[in-house]
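Peer 1: Handing you this structure, nothing more for now.
There are 2 protein chains.
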Amino acid sequence: MDTEDTTTMIPPRYQRLSDELAEAIHGGRLPVGSRLPSLRQMASQRQLSLNTVIAAYRQLEDAGLVIPRPKAGFEVAPRLSAPQRSLRDAPSAPTAPLQQVLMARVLEAQRRPGVVDLAFAGPRGRQFYPGAQLARHTAQVLRHGQQTVETYARPNGSQRLLAQIVRRGPRLGLHTHAERLLLTHGAMEALQLALRAVTQAGDAVGIEAPSYFNLYPLLTTLGLQPIELPTHPQRGLDVDALEALLERTPVAALVVMPTVHNPLGCTMPIADKQRLAELVNARQLPLIEDAVYAELQFCEPPAPLLKAFDRDGWVMVVGGFSKTLAPDYRIGWLDGGRFAERIALLKFQSTGGEPQLLGDAVAAYLEAGSYEHHLHRMRRLYREQVGRLRQLVAEHFPAGTCATEPQGGFLLWLELPGVDTRELFERALAEDIVFMPGQVYSRGARYRHCLRLSCCQTLDARFIGAVERLGAIARELVAG
Amino acid sequence: MDTEDTTTMIPPRYQRLSDELAEAIHGGRLPVGSRLPSLRQMASQRQLSLNTVIAAYRQLEDAGLVIPRPKAGFEVAPRLSAPQRSLRDAPSAPTAPLQQVLMARVLEAQRRPGVVDLAFAGPRGRQFYPGAQLARHTAQVLRHGQQTVETYARPNGSQRLLAQIVRRGPRLGLHTHAERLLLTHGAMEALQLALRAVTQAGDAVGIEAPSYFNLYPLLTTLGLQPIELPTHPQRGLDVDALEALLERTPVAALVVMPTVHNPLGCTMPIADKQRLAELVNARQLPLIEDAVYAELQFCEPPAPLLKAFDRDGWVMVVGGFSKTLAPDYRIGWLDGGRFAERIALLKFQSTGGEPQLLGDAVAAYLEAGSYEHHLHRMRRLYREQVGRLRQLVAEHFPAGTCATEPQGGFLLWLELPGVDTRELFERALAEDIVFMPGQVYSRGARYRHCLRLSCCQTLDARFIGAVERLGAIARELVAG
Chain V
1 MDTEDTTTMI PPRYQRLSDE LAEAIHGGRL PVGSRLPSLR QMASQRQLSL
51 NTVIAAYRQL EDAGLVIPRP KAGFEVAPRL SAPQRSLRDA PSAPTAPLQQ
101 VLMARVLEAQ RRPGVVDLAF AGPRGRQFYP GAQLARHTAQ VLRHGQQTVE
151 TYARPNGSQR LLAQIVRRGP RLGLHTHAER LLLTHGAMEA LQLALRAVTQ
201 AGDAVGIEAP SYFNLYPLLT TLGLQPIELP THPQRGLDVD ALEALLERTP
251 VAALVVMPTV HNPLGCTMPI ADKQRLAELV NARQLPLIED AVYAELQFCE
301 PPAPLLKAFD RDGWVMVVGG FSKTLAPDYR IGWLDGGRFA ERIALLKFQS
351 TGGEPQLLGD AVAAYLEAGS YEHHLHRMRR LYREQVGRLR QLVAEHFPAG
401 TCATEPQGGF LLWLELPGVD TRELFERALA EDIVFMPGQV YSRGARYRHC
451 LRLSCCQTLD ARFIGAVERL GAIARELVAG
Chain H
1 MDTEDTTTMI PPRYQRLSDE LAEAIHGGRL PVGSRLPSLR QMASQRQLSL
51 NTVIAAYRQL EDAGLVIPRP KAGFEVAPRL SAPQRSLRDA PSAPTAPLQQ
101 VLMARVLEAQ RRPGVVDLAF AGPRGRQFYP GAQLARHTAQ VLRHGQQTVE
151 TYARPNGSQR LLAQIVRRGP RLGLHTHAER LLLTHGAMEA LQLALRAVTQ
201 AGDAVGIEAP SYFNLYPLLT TLGLQPIELP THPQRGLDVD ALEALLERTP
251 VAALVVMPTV HNPLGCTMPI ADKQRLAELV NARQLPLIED AVYAELQFCE
301 PPAPLLKAFD RDGWVMVVGG FSKTLAPDYR IGWLDGGRFA ERIALLKFQS
351 TGGEPQLLGD AVAAYLEAGS YEHHLHRMRR LYREQVGRLR QLVAEHFPAG
401 TCATEPQGGF LLWLELPGVD TRELFERALA EDIVFMPGQV YSRGARYRHC
451 LRLSCCQTLD ARFIGAVERL GAIARELVAG
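Chains as they are written, first to last, in full-length UniProt numbering: chain V, 1 to 480; chain H, 1 to 480.
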């Protein structure tokens, strides 16, 4: 366990005040429109300095939870409601080509010089990564072991890094061994290997709707048929619906993102995770748990992975370091559960091993013990940024817009009743703004009125201007 | 072009003498058993110093071309004949499971501590790689650009490295652009992407028999059906046979290794390459050219790639740096020909980009200009080692054994009439010796009496002892 981290976690006073008020706002005890006590009142009530209270209020303002009113202190800001209705409409006829065309279009748009990219789900900017430290550790690995660069990598990857993944696991309820783990070329290769280990061409695979868009071409490549499973926008996979579906449709495997879902940002309630784990164990149904955002959960302590409730190894876990630490190094990992041996052979046969230099460098960084501290900062930062983005959307998007309340990460999923987001996409692109239209997250048209925004860059005037403008275009589309 | 390389290439005198004599031996002008002129005779004939002649003769001895006879100077050594007959027997019934089981067994055997590994086709030992220089360049890239480690890689990979690949291309007849190229996670991912770009599950793909063993599980994964094409052990793919086959069996693509074939070591004659390129262009049939050993051709100047004769971009080329420069970095590359755009999308969708740090480091090494010099040394070294290994086989393996005469690389392919190499494998493994049994290179049993040996490690007493022992076991099997 990371004992060194908990000791450094006592937050400063302003932070504690800010957290307490934020909870009161989220919990509805401080309703929209209500006034916070004045700075002086609060300072004397809590026996805090005025500066501490100012810092706390400023943080709430940054997070979009309160708005300063001229000469009237701070008021709880109007908030978006979270979508509550599951989008259970029957899957439309497969339109994979459209989905593919749209994805290619987004990709092409992201490459245009000068666009404001609200689509890419990778942090950009040095404030999001401990780049200097990682570079230092990498240089050190190079100095101490020239042989790392002149030797073929071990098939399972850096043993040092596997040991660190094992060590950190229990924090998220993952109790594993190095023999069950494998480093992969990004989390995407881990998904691929896990799927290949448990399916054959022609099989059906249950995936959530909406799902990570690159899952679709991956399934197509492997000759697999996606069966879309209903989700609740705030609670994730609908286990009842899954159970009912399994009675009539056999699937070879499931791919689920139970902790900080992409694109929804939601985490399944513990009870649902338990039920799902029991269900796949009882049915001996392989489940691939995509946990790439699990380290960026906003709550402390973080919720455990689905894998924590796995009894017989039917759950495989996919993780990685690209979102949090080393985007260039492309290091993913896979806990293969009961399929670990088969997966190791597939890995060897398809891309060999992973660079020892990079694995050892990340291991050295983790060994040095400041990863948890870094993650802690990032969770706060993303939480703030997501809050600010929600607030911007509340202010500038059409009435009736819903936005998820992410439980981690840096993604926001919007429902814009009455707006075709493909049309919005083209209109926005003409003004050099790119986002992810909802239709790339499903085969059918059910997310035609949805979109995903990322806020893993500096929320500067350019970013804010783009969001405001996007909202304005959406309003125009509604007005028709 | 690499003008800096040709100027450094004038070999020393002993080398020129040794090359001349080696050619005479290979060409049959100095037949087996004939005596070389005495050291003194040769020195006075050629007006060379005695030391120069000694060095030249020693090199021929190292290469296994001559044997010192006590008090009788040097004699041209007995040589293995190269196999001449194409193994055209009809493909047996598919036995993919056996092939898979055997491959898993080899992999497992290679991991045993203490084995002498004659199977692995990756150089082991620092004399085969410029590790110190590469580490230095890597450290320099880290120092000059911390941002490399904290930024997501560009989808196509390091532009610096792509530029170097373009620059080096003409040496092998490859005239390409960075826009058509892509870095991949080892050459294996390049093969995968190229196949995915031009096939769909259910398609048939023509591959050589024998073929790189990891091609089979790759095809299986993608739902593709391998059609094995006959090869000549010294001239590679049989273009006549291919042409006849295409008349009756449609294939979606071909995978061919025309330059230093794995496992055969052979290079297709130029005329055959030209015909094959014309054929695929005329038929608009995508061909994937695996060129990972092309930089290790023994002849100077090297033979051009098949791609050199491609007219309309139907040939894709797979290359990489693992065999020659940076095994740990796992850098492959792919010239996607007319399919480059589709391949770029597939790459993004399946594993993202390649680490910029590693790509830039290799680029920096190439820019510094000593790669060609390094390759030159390696070609000589492997040529010598292959020669010594052939000689060992000639001395210790059963009568009737044939061995290919590789035109590059470090692999030797043996035919042992009357020996089941799976049995030999198990017997050898019991004595901690591992090699590649022939049956992993084809679906059927046609290579049951074949095996592949690697000589990309130091040929020390342990290595030599293992080859001798392997020969002895084979003789026992023949006698038994």
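C-beta: ideal position from N, C-alpha, C; glycine also.
Shortest alpha-carbon distance to Ile165 of chain H belongs to which of H:Ile343, H:Tyr365, H:Cys266?
Peer 2: Locating residue 165 of chain H in the second sequence gives position 165, counting from the first residue. Among H:Ile343, H:Tyr365, H:Cys266, the Cα nearest to that of Ile165 of chain H belongs to H:Tyr365.
Peer 1: Quick check on this structure: which residue in H:Pro210, H:His232, H:Cys455 has the alpha carbon closest to the alpha carbon of Leu118 of chain H?
Peer 2: Here residue 118 of chain H corresponds to residue number 118 of the second sequence, with the count starting at 1. Selected option, being the one with the closest Cα: H:Cys455.
Peer 1: Of the residues H:Ala77, H:His185, H:Pro70, H:Gly28, which one's Cα is nearest the Cα of Tyr329 of chain H?
Peer 2: Against the second sequence, residue 329 of chain H aligns to sequence position 329. Of the listed residues, the one whose Cα sits closest to Tyr329 of chain H is H:His185.
Peer 1: Would a C-beta distance cut-off of 7 Å place Leu414 of chain H and Ala403 of chain H closer than the cut-off?
Peer 2: Here the question's residue 414 of chain H lines up with position 414 in the second sequence. Here the question's residue 403 of chain H lines up with position 403 in the second sequence. Yes, the pair counts as a contact, with Cβ atoms nearer than the cut-off.
Peer 1: Fully enclosed by the UniProt domain "HTH gntR-type" (11 to 79) of chain V, which alpha helix (DSSP H) runs are 4 residues long or longer?
Peer 2: With a minimum length of 4 residues, the continuous alpha helix (DSSP H) runs that stay inside the UniProt domain "HTH gntR-type" (11 to 79) of chain V are 13 to 26, 39 to 46, 50 to 62.
Peer 1: Shorter than 7 Å from the beta carbon of Pro217 of chain V to some beta carbon of chain H?
Peer 2: Here residue 217 of chain V corresponds to residue number 217 of the first sequence, with the count starting at 1. Yes, its Cβ sits closer than 7 Å to a Cβ of chain H.
Peer 1: Can you name, in chain order, every residue of its own chain whose Cβ lies under 8 Å from the Cβ of Ala344 of chain V, other than the five neighbours on each side?
Peer 2: Residue mapping note: residue 344 of chain V aligns to position 344 of the first sequence, counting from 1. So the list reads Pro155, Asn156, Leu182, Gly336, once near-sequence residues are dropped.
Peer 1: Is the stretch 230 to 244 of chain V in contact with the stretch 253 to 271 of chain H, if contact means three or more CB pairs nearer than 8 Å?
Peer 2: No, the stretch 230 to 244 of chain V does not touch the stretch 253 to 271 of chain H.
Peer 1: With 16 as the cutoff for other CB atoms within 10 Å, does Gly265 of chain H come out buried or exposed?
Peer 2: Residue numbering aside, residue 265 of chain H sits at position 265 when the second sequence is read from its first letter. Buried is the call here.
Peer 1: Which of the three DSSP states is assigned to His232 of chain H in this structure?
Peer 2: Walking along the second sequence from the start, residue 232 of chain H turns up at place 232. Reduced to three states, the DSSP call for His232 of chain H is strand.
Peer 1: Quick one, which residues of the stretch 141 to 152 of chain V are near chain H if we go by CB-CB under 8 Å, in chain order?
Peer 2: Listed in sequence order: Leu142, Arg143, Gln146, Gln147, Thr148, Val149, Glu150, Thr151, Tyr152.
Peer 1: Interface residues of chain V around Glu189 of chain H at Cβ under 7 Å?
Peer 2: Reading the second sequence from its first residue, position 189 is the one you call residue 189 of chain H. Result: Thr351.
Peer 1: Among H:Met42, H:Glu23, H:Pro12, H:Arg69, which one has its Cα closest to the Cα of Gly33 of chain H?
Peer 2: Along the second sequence, one-based indexing puts residue 33 of chain H at 33. The candidate whose alpha carbon is nearest that of Gly33 of chain H is H:Arg69.
Peer 1: Would you kindly work out how many angstroms separate the C-alpha atoms of Thr148 of chain V and Ala132 of chain H, rounded to a whole number?
Peer 2: Counting from 1 along the first sequence, the entry for residue 148 of chain V is found at position 148. Counting from 1 along the second sequence, the entry for residue 132 of chain H is found at position 132. Looking at the two C-alpha atoms, the distance is approximately 10 Å.
Peer 1: Assuming Thr221 of chain V is part of the alpha helix (DSSP H), what are its boundary residues?
Peer 2: As a working note, residue 221 of chain V is residue 221 in the first sequence. 215 to 221 is the span of the alpha helix (DSSP H), which, as asked, contains Thr221 of chain V.
Peer 1: Which value, in whole angstroms, describes the spacing of the CA atoms of Cys450 of chain V and Val419 of chain V?
Peer 2: If you number the first sequence from 1, residue 450 of chain V lands on position 450. If you number the first sequence from 1, residue 419 of chain V lands on position 419. The alpha-carbon atoms of Cys450 of chain V and Val419 of chain V are separated by roughly 8 Å.
Peer 1: By Cβ distance below 7 Å, which residues in the same chain neighbour Val386 of chain H in space, the five residues on each side in sequence not counted?
Peer 2: As a first step, residue 386 of chain H must be located in the second sequence, where it is residue number 386. If we look at Val386 of chain H and ignore the five residues flanking it on each side, its Cβ neighbours are Pro406, Phe410, Leu412, Cys455.
Peer 1: Show which residues of chain H have a CB atom less than 7 Å away from the CB atom of Gln192 of chain V.
Peer 2: Along the first sequence, read from residue 1 onward, the residue named residue 192 of chain V stands at position 192. What Gln192 of chain V touches in chain H: Ser350.
Peer 1: Name the two residues that bound the continuous beta strand (DSSP E) containing Arg330 of chain H.
Peer 2: For the purposes of this step, residue 330 of chain H is taken as residue 330 along the second sequence, with counting starting at 1. Taken as a continuous stretch (DSSP letters only), Arg330 of chain H belongs to no beta strand (DSSP E), as it is neither H nor E.
Peer 1: When you compare the CB of His175 of chain V with every CB in chain H, is at least one pair closer than 7 Å?
Peer 2: Start at 1 with the first residue of the first sequence, and residue 175 of chain V comes out as number 175. Chain H, which has no Cβ nearer than 7 Å to the Cβ of His175 of chain V, makes this no.
Peer 1: Rounded C-beta distance between Val260 of chain V and Tyr293 of chain V? I'm assuming under 8 Å.
Peer 2: Working through the first sequence from its first residue, we reach residue 260 of chain V at position 260. Working through the first sequence from its first residue, we reach residue 293 of chain V at position 293. That pair is a contact at about 4 Å.
Peer 1: Along chain H, in chain order, which residues have C-beta atoms closer than 7 Å to that of Tyr129 of chain V?
Peer 2: If you number the first sequence from 1, residue 129 of chain V lands on position 129. Those within 7 Å of Tyr129 of chain V in chain H are Glu150.
Peer 1: Which residues bound the alpha helix (DSSP H) around Ala187 of chain H?
Peer 2: Against the second sequence, residue 187 of chain H aligns to sequence position 187. Per DSSP, Ala187 of chain H belongs to the alpha helix (DSSP H) from 186 to 198.
Peer 1: Taking only runs of the alpha helix (DSSP H) that begin and end inside the stretch 316 to 356 of chain H, which ones reach a length of at least 4 residues, in chain order?
Peer 2: For the stretch 316 to 356 of chain H, whole alpha helix (DSSP H) runs of length 4 or above, ordered along the chain, are 340 to 351.
Peer 1: Rounded to the nearest angstrom, what separates Val239 of chain H and Met436 of chain H at their Cα positions?
Peer 2: Taking the second sequence and counting its residues from 1, one reaches residue 239 of chain H at position 239. Taking the second sequence and counting its residues from 1, one reaches residue 436 of chain H at position 436. If I take the Cα positions, the gap works out to 27 Å.
Peer 1: Going along the stretch 256 to 276 of chain V in order, which residues come within less than 8 Å of chain H, judged by CB to CB distance?
Peer 2: Within the stretch 256 to 276 of chain V, no residue has a Cβ that lies closer than 8 Å to any Cβ of chain H.
Peer 1: For the stretch 325 to 338 of chain V, list every residue whose C-beta sits within 8 Å of some C-beta in chain H, in sequence order.
Peer 2: Answer set for the stretch 325 to 338 of chain V: Ala326, Pro327, Asp328, Tyr329, Arg330.
Peer 1: Using a Cβ-Cβ distance under 7 Å, would Thr138 of chain H count as near chain V?
Peer 2: Position 138 of the second sequence, counted from the first residue, corresponds to residue 138 of chain H. Output row for Thr138 of chain H: interface = yes.
Peer 1: State the CB to CB distance for the pair Gln192 of chain V and Ser350 of chain H, rounded to an integer number of angstroms; the pair is presumed to be in contact (CB under 8 Å).
Peer 2: The count along the first sequence starts at 1 and reaches residue 192 of chain V at position 192. The count along the second sequence starts at 1 and reaches residue 350 of chain H at position 350. With a Cβ gap of about 7 Å, Gln192 of chain V and Ser350 of chain H count as contacting.
Peer 1: With a 10 Å radius around its C-beta and 16 neighbouring C-beta atoms as the bar for buried, classify Arg460 of chain H as buried or exposed.
Peer 2: Taking the second sequence and counting its residues from 1, the one referred to as residue 460 of chain H is at position 460. For the record, residue 460 of chain H in the displayed sequence is Asp; it is not Arg. That one is exposed.
Peer 1: Got a sec: which bits of the stretch 286 to 304 of chain V sit with their beta carbon under 8 Å from any beta carbon on chain H, in order along the chain?
Peer 2: Per Cβ criterion, the list is empty.
Peer 1: Do you know offhand how far Ala93 of chain H's Cα is from Leu246 of chain V's?
Peer 2: The residue given as residue 93 of chain H occupies position 93 in the second sequence. The residue given as residue 246 of chain V occupies position 246 in the first sequence. Here Ala93 of chain H scores only 36 on pLDDT, less than 50, and its place in the model should not be relied on; the value that follows carries that caveat. One C-alpha to the other measures close to 37 Å.
Peer 1: Would you mind reading off the limits of the beta strand (DSSP E) that contains Asp290 of chain V?
Peer 2: Looking up residue 290 of chain V in the first sequence gives position 290. Run containing Asp290 of chain V: 287 to 290, per the beta strand (DSSP E) assignment.
Peer 1: Identify the contact partners of Asn214 of chain V in chain H, using a Cβ-Cβ distance below 7 Å as the criterion.
Peer 2: Against the first sequence, residue 214 of chain V aligns to sequence position 214. In chain order: Gln349.
Peer 1: Take Pro12 of chain H as the anchor and find which of H:Ser49, H:His26, H:Thr249 has the nearest alpha-carbon.
Peer 2: Mapped onto the second sequence, residue 12 of chain H falls at position 12. For the residues H:Ser49, H:His26, H:Thr249, the minimum Cα distance to Pro12 of chain H belongs to H:Ser49.
Peer 1: My assumption, with CB atoms under 8 Å, is that Gly352 of chain V sits in contact with Met103 of chain H. Please give the rounded CB distance.
Peer 2: Walking along the first sequence from the start, residue 352 of chain V turns up at place 352. Walking along the second sequence from the start, residue 103 of chain H turns up at place 103. Actually they are not in contact, since the Cβ atoms of Gly352 of chain V and Met103 of chain H sit about 14 Å apart, beyond 8 Å.
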